[in-house]
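Student:
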Amino acid sequence: MKLPVVLQSNSTECGIACITMIANAHGRNCSIGQIRRDLGYARMGTSLRTLIDLARDVQLHARAVRLEPEEAGALRTPCVLLWGTQHFVVLKRISRRGWHLHDPAAGVRFYRNA
């Protein structure tokens, strides 16, 4: 599955950008602007509940789970992660070497396993 990188245009769009990346990876042709306009999502930031609703609005399966980093191998990818306390990123995959992320604020990122 090809996962595009979608960059946020302001500091509050990380959640919408993440859903846009995953939706496009699943064959939906959408943009941040289209999601905001057509589905009525504002620029004020996205809560976890709103992000789940947004994913379902674009016909994606969504649920919240809490896990420790060593449990992340059980996740189906791509998926959205809450990174820190206020930023969403897309986990593309986990390899033996580390985590492959698409960060809507910074592009493609790689974090080595500890």
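Take the sequence shown: its position 114, counting from 1, is numbered 113 in numbering that gives the first Met the number 0, and each next residue is one higher.
The beta-carbon is built from N, C-alpha and C at its ideal position, and this holds for glycine as well.
Among Arg95, Arg108, Pro103, Thr49, which has the Cα closest to the Cα of Ser30?
Tutor: Pro103
Student: Helix, strand or coil for Arg13, going by three-state DSSP, please let me know.
Tutor: The amino acid occupying residue 13 in the given sequence is Cys; Arg does not appear at that position. Cys13: helix per DSSP, three-state reduction.
Student: Compare the Cα-Cα distances from His25 to each of Lys1, Ala61, Arg62, Phe109 and report the closest residue.
Tutor: When only C-alpha atoms are compared, the closest one is Lys1.
Student: With distance defined between alpha-carbon atoms, name the residue in Ala113, Gln33, Asp37 nearest to Arg96.
Tutor: When only C-alpha atoms are compared, the closest one is Ala113.
Student: With distances taken Cα to Cα, identify the nearest neighbour of Gly83 among Arg55, Val4, Arg36, Glu67.
Tutor: Glu67
Student: So, are the CB atoms of Ile21 and Pro77 less than 8 Å apart?
Tutor: yes
Student: If the criterion is Cβ atoms closer than 8 Å, does the pair Leu47 and Ala63 meet it?
Tutor: yes
Student: With DSSP as the reference, label Leu100 as helix, strand or coil.
Tutor: strand
Student: From what residue to what residue does the beta strand (DSSP E) around Gly106 run?
Tutor: 106-111
Student: For Ala54, which residues in the same chain have their Cβ closer than 7 Å to its Cβ, ignoring the five residues on either side in sequence?
Tutor: Ile18, Ala61
Student: Just to confirm my understanding: we take Val5, look at its own chain, exclude 5 residues before and 5 after, and list those with CB closer than 7 Å. What are they?
Tutor: Correct list, in chain order: Ala16, Thr19, Met20, Ile31, Pro103.
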